[in-house]
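What follows is one structure encoded as structure tokens, with my remarks underneath.
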Amino acid sequence: MHEMSLAEGVLQLIEDAARKDHFAKVNTVWLEIGQLSGVEPEAMVFCFDAVTRDSVAQGARLEIITLPGTAWCMACAETVPMTEVFGECPQCGGYQLQVTGGTEMRVKELEVE
Amino acid sequence: MCVTCGCSVGEVKIEGEQAHEHAHDHVHPDGSSHSHDHPHDHTHAHDHADGQAHPHSHDETPAHAHAPGVTPKRMVQIEQDILAKNNAYAQANRQSLAERGIFALNLVSSPGSGKTTLLCKTIALLGQQAVAVIEGDQQTSQDADRIRATGAQAIQINTGKGCHLDAHMVGHAMEQLKLEDESLMMIENVGNLVCPAAFDLGEAHKVVILSVTEGEDKPIKYPDMFRAASLMLLNKIDLLPHLNYDVDAAIGFARRVNPGIHVIQLSATSGEGMDEWLAFLRDGIAQASADRQQTVDGLKARIAQLEARLQQAQA
């Protein structure tokens, strides 16, 4: 979806951190992106390169850590793995699922100098 | 420009706002003021109530380069949500709405689902109820004009190439509107079933509108939106006799994505089902007023307590 807005959000967090932690160059950015967050990693990398031009993060490497999707199956009464938001329960085949993990979109850490 | 949805930034226009003579009261922690001379692209750091309290720990784990003249590499922990900025603005909007007892809804759908017609009809049926509308579209103020023709106040946000409203735009629009206490505010988001799902605007609920002229399987094609919404309005049901549309299948798909979603079938044109929708709105407004009243009563009780203690202390 809107990877450009997200990439700008990432840059804002980096710029805030640069002011607080006084660094002038970012080498690597680690993002945690949930499997069910709807973020396309390829589009994210493309947009990140575009928005970071002429910024403290220009040329930084973007590392995306994919976090697994999980859901609570009401029928099985337990947490089950999910790969798609509208997927079925891998155990019982039902759809009574509440997503419990995998929607994260976080900036985890930076390597800076 | 975004490769997946074509969205872009820097072209946002909010009706009634002068071109960037921003004199708004964003308080910076250092007390400095800032003037916006940029085309609303928000690369300035608004340090709102959020972001302040996150401690950065400096773990100098990677390669310590102690060679003279070389800046050592180090790690900076961020551990922040990418949408943290938007969420902070949304929280500020939500708090301002709660303080004033305003029930706010974020209406989302694909283009052409009948959002604006439904809004106009709803405003007419609500009669004396104060309603304010924030209209989001890429271009033109046609929708806001249609709302204003009903007598309700409306403000248009043009997002330019942007594919969604964000909480910061809505906060500005709220400043422009003369919102009445204990009233209803409806935000008509940009017609788009993808991007608005991720952006909290401070609303009480997202309401997704699906019309029966669209496919039954929209909920599983665009699951994020149907998961983010707490109410689905199945619109244009007056057309069902002319269509080969499976209502049960559509609702089934929506429940598959979001088991808790509430569904109301209605037609803004024939008026069918509108009573249930109006009841939902009236309940929401009553709840927002009651919550506000509870807060006010609680504060008054505390003042009374403190005054009693003050009298005791002075006696």
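Protein sequence lines, in the order shown, are assigned to chains A and B. With positions in the first sequence counted from 1, the corresponding number in the numbering used here is that position plus 8. With positions in the second sequence counted from 1, the corresponding number in the numbering used here is that position plus 25. Just so you know, even glycine gets a beta-carbon here, dropped at the ideal spot from N, CA and C. Keep in mind the model is a prediction, meaning the values are calculated, not measured.
Residue i beta carbon near the ligand MG (any heavy atom closer than 7 Å)
i             : result
residue 114/B : Ligands are entirely absent from the displayed structure, and the ligand MG is therefore not among its contents.
Nearest residue (CA-CA) to residue i, options the options
i             : options                    : result
residue 262/B : 270/B, 255/B, 209/B        : 270/B
residue 79/A  : 33/A, 96/A, 72/A, 64/A     : 96/A
residue 187/B : 142/B, 220/B, 286/B, 112/B : 220/B
residue 150/B : 304/B, 326/B, 320/B, 337/B : 304/B
residue 306/B : 179/B, 132/B, 320/B, 166/B : 132/B
residue 229/B : 99/B, 316/B, 165/B, 276/B  : 316/B
residue 110/A : 93/A, 51/A, 49/A           : 93/A
residue 45/A  : 274/B, 256/B, 224/B, 293/B : 224/B
residue 145/B : 160/B, 125/B, 265/B        : 160/B
residue 122/B : 204/B, 254/B, 292/B        : 204/B
residue 126/B : 339/B, 314/B, 324/B, 323/B : 314/B
residue 104/B : 27/A, 55/A, 118/A, 36/A    : 118/A
Cβ neighbours of residue i in the same chain (closer than 7 Å, five flanking residues each side left out)
i             : result
residue 99/A  : 81, 84, 88
residue 31/A  : 120, 121
residue 118/B : 192, 195, 196, 199, 226, 227
residue 248/B : 282
Residues near residue i by beta carbon distance below 6 Å, same chain, minus five either side
i             : result
residue 193/B : 114
residue 290/B : 259, 262, 298
residue 244/B : 251, 278, 279, 282
residue 218/B : 135, 247, 250
Min CB distance residue i to chain B below 8 Å
i             : result
residue 62/A  : no
residue 25/A  : yes
residue 110/A : no
residue 57/A  : no
residue 71/A  : no
residue 30/A  : no
residue 43/A  : no
residue 77/A  : no
residue 113/A : yes
Cβ of residue i within 8 Å of any chain A Cβ
i             : result
residue 116/B : no
residue 38/B  : no
residue 104/B : yes
residue 108/B : yes
residue 347/B : Because residue 347/B is not part of the residues shown, which for chain B are 26 to 340, the question remains open.
residue 325/B : no
residue 231/B : no
residue 100/B : yes
residue 65/B  : Confidence is the limiting factor: at residue 65/B the pLDDT is only 40, short of 50, which leaves the residue's position unreliable, though a coordinate-based value still follows. So no, residue 65/B is outside the interface.
residue 266/B : no
residue 192/B : no
Closer than 7 Å at the beta carbon, the chain C residues around residue i
i            : result
residue 94/A : The structure shown contains no chain C; the protein chains it does contain are A and B.
Cut-off 8 Å between Cβ atoms - residues of its own chain near residue i, not counting five sequence neighbours on either side
i            : result
residue 42/B : 197, 201
Worksheet entry | the stretch 247-260 of chain B: positions lying closer than 9 Å to chain A by Cβ | 248, 249, 251, 252
Fill in: Residues in the stretch 133-166 of chain B having any Cβ partner in chain A nearer than 7 Å
none
Worksheet item: Taking only runs of the beta strand (DSSP E) that begin and end inside the stretch 263-319 of chain B, which ones reach a length of at least 3 residues, in chain order?
Response: 287-290
Worksheet entry | Every unbroken alpha helix (DSSP H) inside the stretch 204-252 of chain B [4 residues or more] | 243-246
Worksheet item: Quick one: complete alpha helix (DSSP H) runs, 4+ long, within the stretch 102-152 of chain B?
Response: 109-124, 140-151
Worksheet item: Which runs of the alpha helix (DSSP H), 4 residues or longer, sit entirely within the stretch 161-188 of chain B?
Response: 167-173
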